[in-house]
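Counting from 1 along the sequence shown, just add 271 to a position and that's the residue number in the numbering used here. Ideal Cβ positions, reconstructed from N, Cα and C, are used throughout, including at glycine. Note that the structure is predicted; figures quoted are calculated from it, not measured. Input: a single structure, listed below in structure tokens.
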Amino acid sequence: MKALVRPSVKKERNRIGTVSLSLAAVGFLFVTFQPWIPLDRVALFSGLTLKRLLAAFFDAALVGSLADWFAVSALFRDPLGIRLPHTNILAKKKDVIAEAVPRFITLFVSDERIGQELRRLDFAAKVEEGLAEGGLRDELHEFLRSRASAVLVEYAAAGGPKLDALRSLVAQLAQFAADRLDSASAFAAFLRWARAESFDERVLEAVADFARTEIGRNRYRLAASITPIIKRNAGWQGLFIGRGTIEGLLRGVEDELGELRSNRSHDLRRFVISTIEHYASQLAGDEADPSDERGRFTAMVREAIREPGFLRGLSDWAANLLASLGEDLARPESGFIGGLARIEDSLTARLGGDVEFRSRFNSACADLAATLIARSRIIDSLTDYIIGLLKATEAAEFVGRVEDAVWNDLQYIRVNGAVVGGIVGLVLALIGAILPQ
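Here's what the structure looks like:
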């Protein structure tokens, strides 16, 4: 694997560590060899002279500074070019470090912590920002009008092998979904979403309204068709059933459907809603189901998806849909773009005006992102990539980058070595003078 790294930006290196070493060496030489100032004649107490005190300070400071210089230098190179067992550590242990450091860091990036951090993000604000006029929204619409529409129209016009490839792709996706998709849980989640958003009630009201209108419009024709059927199957009781009776029955059904649409406490309405909730619980596996409704539903969906006729129909529908979509997007007044704009406006308005919906939206986005990260194992893949990148980097470059990053901080370790060493030397000299000989 070839190392793909950017040229490093050289930091301006400070020389404070070298300065501290130089000062310690100069102080040691001055105190030891200078002939001008009679420091040994300046007595302090208990036989301790100024020269002995300064010598103790600079001796220890020089030793501490040299020791830390050696320790710091041994990380990056062989000090003075002398090869010793534990010098030039970073170069010798490059692969070990490259393996250990990324894995150590990822210990702190657990799935739980990722989820916690994602739940702190305001996804709704990002969506609102992207859907604002003149932002990402306009760029998306322009992309759909120009690039996407051209690709779809060209693809549909090409026909032949391209459409055959599309049909093959749709068939493969359907087969994959049949094998991998937990259709029972997915449909249960859809039913619960519909219940939470009252979508099921709106559908029920629409169906009731449609049925009521159609029955009222075709009551006489329905009565004429239904009456003979009932009379044939009712036995002797059919003698008492006439067309007027059936028409009255249909009027009663109309009234009942109108009541169902307007009355949220209607018995039939509550029965349908409770049935949907019970079925969703069975599909989700929340309650014991001796009939194994989950298994039966999953088997039914898989069998339907694998049906050759269904696959052909789905493939043809997808091809026609893409062709129609491409033609629509190419129009100045695209219905798809208009519908997308209305959805964007509605989403933006609801995110800004409904606190509960905004909270659920953020939670759903965080859960989805956390699930995708966990299932894709992107952290492990990124860790492996970084490990490979570091191992492929030349040892000299690896050491140089680390040195550039930490050099200035390490110089203060050398300064601390000189200062702490000098202080320790002073303390030992003072203790030696105080204690009885």
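Beta-bridge partners of residue i, as assigned by DSSP
| i | result |
| --- | --- |
| residue 319 | 316 |
Residue i (DSSP reduced to helix, strand or coil)
| i | result |
| --- | --- |
| residue 276 | Note that residue 276 scores a pLDDT of 45, beneath 50, so its modelled location is shaky and nothing firm can be said. |
| residue 486 | helix |
| residue 605 | coil |
| residue 452 | coil |
| residue 384 | helix |
| residue 326 | helix |
| residue 443 | helix |
| residue 350 | helix |
| residue 527 | helix |
| residue 305 | coil |
Exposure of residue i, with buried meaning 16 or more beta-carbon neighbours within 10 Å
| i | result |
| --- | --- |
| residue 629 | buried |
| residue 273 | Confidence at residue 273 is low in this model, with a pLDDT of 43, below 50, so the placement of that residue should be treated as unreliable; the coordinate-derived value is given next. Per the 10 Å Cβ criterion, exposed. |
| residue 605 | buried |
| residue 649 | exposed |
| residue 642 | exposed |
| residue 477 | exposed |
| residue 508 | exposed |
| residue 688 | buried |
| residue 287 | exposed |
| residue 591 | exposed |
| residue 706 | exposed |
| residue 617 | exposed |
| residue 323 | buried |
| residue 503 | exposed |
| residue 275 | Confidence in residue 275 is poor, its pLDDT being 43 and thus under 50, which makes the residue's placement too unreliable to answer from. |
| residue 505 | exposed |
| residue 375 | exposed |
| residue 551 | buried |
| residue 414 | exposed |
CB contact flag (residue i, residue j, <8 Å)
| i | j | result |
| --- | --- | --- |
| residue 442 | residue 586 | yes |
| residue 295 | residue 351 | no |
| residue 637 | residue 389 | yes |
| residue 423 | residue 671 | no |
| residue 645 | residue 382 | yes |
| residue 633 | residue 349 | no |
| residue 568 | residue 461 | no |
| residue 494 | residue 527 | no |
| residue 311 | residue 696 | no |
| residue 358 | residue 369 | no |
| residue 465 | residue 576 | no |
| residue 608 | residue 408 | no |
| residue 373 | residue 657 | yes |
| residue 711 | residue 328 | No information on residue 711 is available, as it lies outside the stretch 272 to 708 that the chain covers here. |
| residue 554 | residue 469 | no |
Cβ-heavy atom distance, residue i to the ligand SAH, below 7 Å
| i | result |
| --- | --- |
| residue 527 | The model depicted lacks the ligand SAH and carries no ligand whatsoever. |
Contiguous alpha helix (DSSP H) assignments of at least 4 residues, all confined to the region 648 to 700: 649 to 663
Mind listing, in chain order, the continuous alpha helix (DSSP H) runs of no fewer than 4 residues lying wholly within the region 454 to 481? Taken in chain order, the complete alpha helix (DSSP H) segments of 4 or more residues contained in the region 454 to 481 are 454 to 467.
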